[in-house]
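Right, one structure below, let's go through it.
Number of protein chains: 2
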Amino acid sequence: MTTRRVRTGSRPGDRYVRIFRPTAGKFEQDEEHHLIATEAVFERPGMSGHVERLRRFMVGARLPSAMESHERLGVVKGLAVFASDNISSSAYATEEIMRVLVLAGAGALMLTMPITIAIVLVLIVVVTSYQQTIHAYPTGGGSYIVASDNLGPLPGLVAAASLLTDYVLTVAVSVAAGVAALTSIFPVLFDERVVVSLAFVLLICLGNLRGIRESGTIFAAPAYIYLFAIFGLLGYGMMRYVTGTLPDYVAPEEWGVSEGTSALGLLLILRAFSSGSVALTGVEAVSNGVPAFSAPESKHAQRVLIIMGACFVTIFLGMSFLAGHVGILPDPTEQKTVISQLTSALVGEGSPYHYLVQLSTALLLILAANTAYADFPRLSSILARDGYWPRQFQYRGDRLAFTTGIFVLTILASLLLVVFQASVTNLIPLYTVGVFIAFTLSQSGMVRHWWKLRESDRGWWRRASFNTVGALATGVVAVVVGVAKFALGAWVVLILVPVLMALMMAIHRHYLGVRSVLTMDEVPPMPKAEAPQVIVPISRLDRAAYRAVTFARSISPAVMAVHVSENTTEAEATYRAWEEWDTGVELVIVESPYRSLLPPLLAYIDAMRASEAGRPVVVVVAEFVPRYFWQNFLHNQAALRLKVHLLSRPNVIVANVPSHLWDAAAAKEGTGVR
Amino acid sequence: MTTRRVRTGSRPGDRYVRIFRPTAGKFEQDEEHHLIATEAVFERPGMSGHVERLRRFMVGARLPSAMESHERLGVVKGLAVFASDNISSSAYATEEIMRVLVLAGAGALMLTMPITIAIVLVLIVVVTSYQQTIHAYPTGGGSYIVASDNLGPLPGLVAAASLLTDYVLTVAVSVAAGVAALTSIFPVLFDERVVVSLAFVLLICLGNLRGIRESGTIFAAPAYIYLFAIFGLLGYGMMRYVTGTLPDYVAPEEWGVSEGTSALGLLLILRAFSSGSVALTGVEAVSNGVPAFSAPESKHAQRVLIIMGACFVTIFLGMSFLAGHVGILPDPTEQKTVISQLTSALVGEGSPYHYLVQLSTALLLILAANTAYADFPRLSSILARDGYWPRQFQYRGDRLAFTTGIFVLTILASLLLVVFQASVTNLIPLYTVGVFIAFTLSQSGMVRHWWKLRESDRGWWRRASFNTVGALATGVVAVVVGVAKFALGAWVVLILVPVLMALMMAIHRHYLGVRSVLTMDEVPPMPKAEAPQVIVPISRLDRAAYRAVTFARSISPAVMAVHVSENTTEAEATYRAWEEWDTGVELVIVESPYRSLLPPLLAYIDAMRASEAGRPVVVVVAEFVPRYFWQNFLHNQAALRLKVHLLSRPNVIVANVPSHLWDAAAAKEGTGVR
């Protein structure tokens, strides 16, 4: 430990000042005024030490800030984290289209393949335009950044609010969908689906608290198993198609699907298209998460985006193609998914491969939530950095994860799951509206971006037209989805987004206001140190009061004690006892005929404040610190209320003098009497 | 205003001390050190002023302590307050007996009158022995006082816990019963019975907040209307009996009551007796509330007790007699009460007099809760005075009512009403066990009391035998009721009472422990005032930090600033800016490689504490006070957590320097820079 007294400053009134630099164990000394805290500062005694060790066991060792670049993702883990959401849609995109078309009869299902191709084309446009976005914003170009950078802060907030809403829904919907798939394999779990869902959310939360890299490691397996299982299935199916040995599937009679085609209007086709466009969700995840990739960030992100698009398109096309040729029908009772029917038609119902496909699909659906866990906290931290969201979201926890965002996402998604009883049918109409709003804004922002660069970039026209097509396509989908799902629940999102925006703007205004009053343009010279007026409210003449008076005398010569009394006899007795104490401090008795303690005391302090004309008034509050927390209900009620009331009074400084008298050692240490 | 500087004390180091005595408006000066607060100290500006005026309108003007004796009750109001609970039982005691007897057939109902007489005899014994109690304890002899005074603290606590439980149940049961009676007159209210019940509880709460005297005034009418209506009815009935013109009531066929008598065992008779002994509830209320009567307290209380007993016995006997002779049967569907059947048989169904009886019964049942409102807060205050209950219960509010007890009773009773959906059937089994336990203990205590006085009091033997009979009678009823109702819910009470006792003993032990550590047997001379070591944690170099440093310098020459930084660049910049401030205070930078703010700061403060060997360490916390409460979520999170952690550290004094910078005037006032 280094302790040194130095004389600082040159003005009269400057004093010798002690510099205290403990170096033993908990700190390392860097230079004279600069200490570096070691991990030892986290050591805690007793119970909180155990809590701390449990926490380390759960989330892993602390990571120093310098490790940030090691915590990034490569292509393999990046694909698992950021592509899960999108690729998981391949498990049900074909089915969503068929489910709408079949309303016009089994014959209408021949449109499945054309609509699939149309969506694939939109997807290609969207992926390409996001490639451009990542290229233009190599340090991270989420919809919020692109929109606010090019279209202004308001569209940026629309994108941010839409995405935040959608990320919460993504977690709820994908976990609910995954658990639904799981309960169709293990029906015993059905009654416990809410609990199972919450357990999965907690598991993913915990994985993410360990840091994004570890969450990639933990949750990578299901994604890759799904890809291998499904590619194997589709490859086998295509082989049988080529050799002309595809089975001819016969749907159960009782589904009662009419053979012919009836009333296949444009509206139904549009609805099928909009249902199938869940295929596009998750595409923006990669561009939002660019800074999570290891260097070169944009290259890695672009590669993940391309692989993701390729995988998705292949599965989607293959699935729709084979489903059509095998003659799969969507199950109106929603018991058997299209993917399950196709698998059992090709490899046999109940075969191990059938189970593999079912189980990996279920797990991948659940892990699609992990993509939202990567993006929600990151977007929140960017919003907090820009002052639109509470500052806490900005800080990285001890595993470099954005802890606050992870917790808030977990709480909100869990609430949704409980309120909607983990029902996909109830949740899904709220989903996808937000993401398409963000898509459209981001694409439009990119058009504007290229327009601004038109002087320097010769290829701007080509790039801008790609993004224009993307903006139009996603804009149309946003409107179609919004209209089609409005009454079913999309209206909730359309109300929530403006509310969130208003909140963000209020927070921003507040932080700006605070900064403007707190910033000092020029720093006035330090005033001459003048001791403050001190008031010590005394309730009983006991050890706590003695300590308070001792402290008050140590900080100022101008000390007064005040005792509020209910009756004259007690007041007189207190005054006589006080005189015997001989503290050198005057006691004023305030008699309160209406028995209240607080109003007379506050009135006295206010009068003192007024008479001081700007000099701070220090109120020394003696506080008894009990051994157990519940005992606080038996104490300090008056002290607490006093402090709350004093908080709103400018120029009043409250000093708490605690008495830890249950602890004999602490009591001796803390008397202030040596 | 008087401000004066006097030199106090004679030891070196004593200083000139200012005595500040504001006298304008809010205080009157009594003598040199003694001010008396006027009502003006309650004046508040703005919103809280409106709240204050609303409160005065609701509960009435403040009453000074000197008014206490004026707030007492005479016989008329005392009967309304303390007898409502007991007298209201006369509305259903007969029915309770008949309801059990009829299980053995209509013939068994002939036992109604004998059982009524048996209960009346017990009641006479109990009333007489309580007369003795009041005589022996003229300043208030509730069961708790009598039991703890004569049998020891543990039986006292059994009585106290039983009574507290029972008072809460009394409020819930009587309001639920009254509202049930009300909804049978106005069936439209049935669906809203929980809300209606809560409204009545709130109304009685409000009445009691106005003080016990006003609650007597407000709630006296229903009690007296009931008495007049019921005496009129019984008188008219007796006249018709004497003239031999009593109607012969025929119960509806569909009630299907068998004519004969089957299996009328002793057990059934005992159950009928225990059901009818609800008649005894409320008898102890008067003796618990003696101090609420105006002088001579015991005379007034005794008179109320006698009148109450006489009224009750008359109604009970008359009701059972007439019900038997008219041939009333208890309605198995619980639609029509015995009292309602009797009224309609005598004066005609739906006649105005029938309505009068029904309505006044309903209101009286509700107002029986008022008796519990008189006793629960009073018993709580006595327990608080003896250190068995949180201290807050001891204080009288600005209307001299025991505000805390009133609020707590309201909250608990409301909870019960909500949980049990205001259903009398569900609540009643919990009721009456507690009251009979308390009865028995109080009677046994009185036996002991007379035994102790046997030397000086020649009539002790007579008195003691009265109380012995009372103790035996109530003890038997306690056991019978406890056994009969055990499985139905009485077990809850039998668990709750020991739990409450354990809590009371824990509170008592705690207060004793606190008193022993806080009391100073001899007061050491004041130590020489030595300035403390001060630490100012600095987060940003802004106006709030400037104010904190200014304050720190004003209370001690030993000041250090500490800045915890996440990265070296920021740390260096802060240090350079600090040097430009030229505060004369040294800044130590603590770099936190794991980004946490708190552990390094706490470790630094702990190291400082250890090096100070007992001298207090003052931590000056700059706090931004936002304009609206919700904005606190955007600020001070770190400051709050720091304060919570520092609270558990002996010898650390936290001084809050608030910045009210949103308020331009306050900002100017509060800079500390003049």
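For the protein sequence lines, the chains are Y and D, in the order given.
Each residue of the first sequence is one higher than the last, beginning at 3 in the numbering used here.
Each residue of the second sequence is one higher than the last, beginning at 3 in the numbering used here.
Note that beta-carbon positions come from the ideal geometry of N, C-alpha and C, so glycine has one too.
If you're wondering where the values come from, they're calculated on a predicted model, not measured in any experiment.
Residue i versus the options, residue with shortest Cα-Cα distance
{"i": "methionine 241 of chain D", "options": "D:His327, D:Phe188 and D:Val170", "result": "D:His327"}
{"i": "serine 296 of chain Y", "options": "Y:Ala201, Y:Glu625, Y:Thr141 and Y:Ile317", "result": "Y:Thr141"}
{"i": "alanine 68 of chain D", "options": "Y:Ala466, Y:Asn569 and Y:Ser276", "result": "Y:Asn569"}
{"i": "glycine 447 of chain Y", "options": "Y:Ala473, Y:Leu644, Y:Glu457 and Y:Ser92", "result": "Y:Ala473"}
{"i": "alanine 475 of chain D", "options": "D:Gln445, D:Thr172 and D:Val627", "result": "D:Gln445"}
{"i": "proline 618 of chain Y", "options": "D:Ser71, D:Thr552 and D:Val61", "result": "D:Thr552"}
{"i": "leucine 636 of chain Y", "options": "D:Arg401, D:Val516 and D:Glu97", "result": "D:Val516"}
{"i": "tryptophan 391 of chain D", "options": "D:Val197, D:Leu514, D:Pro601 and D:Trp463", "result": "D:Leu514"}
{"i": "leucine 272 of chain D", "options": "D:His52, D:Leu324, D:Val482 and D:Leu184", "result": "D:Val482"}
{"i": "methionine 115 of chain D", "options": "D:Gly278, D:Ala609, D:Tyr169 and D:Gln343", "result": "D:Gly278"}
{"i": "leucine 429 of chain D", "options": "D:Ala174, D:Met60 and D:Ile119", "result": "D:Ala174"}
{"i": "methionine 112 of chain D", "options": "D:Ala274, D:Arg57 and D:Arg215", "result": "D:Ala274"}
{"i": "glutamate 588 of chain D", "options": "D:His52, D:Val536, D:Thr172 and D:Asp608", "result": "D:Val536"}
{"i": "threonine 687 of chain D", "options": "D:Leu361, D:Thr130 and D:Glu97", "result": "An answer regarding residue 687 of chain D cannot be provided, because it is not within the stretch 3 to 676 covered by chain D."}
{"i": "proline 379 of chain Y", "options": "Y:Ala222, Y:Gly477, Y:Ala615 and Y:Leu165", "result": "Y:Leu165"}
{"i": "threonine 363 of chain D", "options": "D:Val315, D:Leu649, D:Ala223 and D:Pro24", "result": "D:Ala223"}
{"i": "arginine 464 of chain Y", "options": "Y:Leu502, Y:Val478, Y:Ile497 and Y:Ser131", "result": "Y:Ser131"}
{"i": "methionine 503 of chain D", "options": "D:Tyr606, D:Val592 and D:Ala163", "result": "D:Ala163"}
Residue i - partner residues in DSSP beta bridges
{"i": "asparagine 658 of chain Y", "result": "Y:Val623 and D:Val656"}
{"i": "proline 332 of chain D", "result": "Proline 332 of chain D pairs with nothing; no bridge assigned."}
{"i": "alanine 371 of chain Y", "result": "Looking at the DSSP assignment, alanine 371 of chain Y forms no beta bridge with any residue, so it has no partner."}
{"i": "isoleucine 540 of chain D", "result": "In the DSSP output, where bridge partners are listed per residue, isoleucine 540 of chain D has none listed."}
{"i": "valine 566 of chain D", "result": "D:Val592"}
{"i": "glutamine 535 of chain Y", "result": "Y:Val619"}
{"i": "valine 693 of chain D", "result": "With chain D running from 3 to 676 in the structure shown, residue 693 of chain D is simply not present."}
{"i": "phenylalanine 295 of chain D", "result": "D:Leu75"}
{"i": "valine 561 of chain Y", "result": "Y:Val536"}
Beta-carbon gap between residue i and residue j smaller than 8 Å
{"i": "alanine 546 of chain D", "j": "valine 538 of chain D", "result": "no"}
{"i": "leucine 443 of chain Y", "j": "valine 160 of chain Y", "result": "yes"}
{"i": "valine 177 of chain D", "j": "valine 203 of chain D", "result": "yes"}
{"i": "phenylalanine 395 of chain D", "j": "alanine 403 of chain D", "result": "no"}
{"i": "glycine 491 of chain Y", "j": "leucine 418 of chain Y", "result": "no"}
{"i": "phenylalanine 468 of chain D", "j": "glutamate 286 of chain D", "result": "no"}
{"i": "serine 289 of chain D", "j": "isoleucine 89 of chain D", "result": "no"}
{"i": "leucine 599 of chain D", "j": "valine 566 of chain D", "result": "yes"}
{"i": "alanine 183 of chain Y", "j": "leucine 367 of chain Y", "result": "yes"}
{"i": "alanine 294 of chain Y", "j": "leucine 75 of chain Y", "result": "yes"}
{"i": "glycine 209 of chain D", "j": "lysine 79 of chain D", "result": "no"}
{"i": "threonine 172 of chain Y", "j": "aspartate 87 of chain Y", "result": "yes"}
{"i": "alanine 93 of chain D", "j": "isoleucine 341 of chain D", "result": "yes"}
{"i": "leucine 103 of chain D", "j": "valine 315 of chain D", "result": "no"}
*Using Cβ-Cβ distances below 8 Å, what residues of the segment 574-585 of chain D are close to chain Y?*
Tyr577, Glu582, Trp583, Asp584 and Thr585
*Just list the beta strand (DSSP E) runs in the segment 297-347 of chain D, keeping only unbroken ones of 3 residues or longer that don't cross its boundaries, in chain order.*
Taking only runs of at least 3 residues, no beta strand (DSSP E) segment lies wholly in the segment 297-347 of chain D.
*List in chain order: all unbroken beta strand (DSSP E) runs of 3+ residues lying wholly within the segment 413-467 of chain D.*
none
*Contacting positions in the segment 382-412 of chain Y - beta carbon closer than 7 Å to chain D*: Pro392, Arg393, Gln394, Tyr397, Arg398 and Asp400
*Select from the segment 643-660 of chain D all residues with a C-beta closer than 9 Å to any C-beta belonging to chain Y, and list them in chain order.*
Answer in chain order: Lys645, Leu648, Leu649, Ser650, Arg651, Pro652, Asn653, Val654, Ile655, Val656, Ala657, Asn658, Val659 and Pro660.
*What residues in the segment 53-80 of chain Y have a beta carbon less than 9 Å from any beta carbon of chain D?*
Arg64, Leu65, Pro66, Ser67 and Ala68
*If you measure beta-carbon to beta-carbon, which residues of the segment 165-192 of chain D are closer than 9 Å to chain Y?*
none
*Could you name each continuous alpha helix (DSSP H) segment of 4 residues or more that falls completely within the segment 114-184 of chain D, going from the start of the chain to the end?*
List check, alpha helix (DSSP H) in window: 114-138 and 145-153.
*asked:* At a CB distance below 7 Å, what residues from the segment 133-150 of chain D approach chain Y? Give them in sequence order.
replied: For the segment 133-150 of chain D, which is checked against every Cβ of chain Y, not one residue is closer than 7 Å.
_If the cut-off is 8 Å on Cβ atoms, which residues from the segment 30-42 of chain D count as contacting chain Y, listed in chain order?_
Asp32, His35, His36, Leu37, Ile38, Ala39, Glu41 and Ala42
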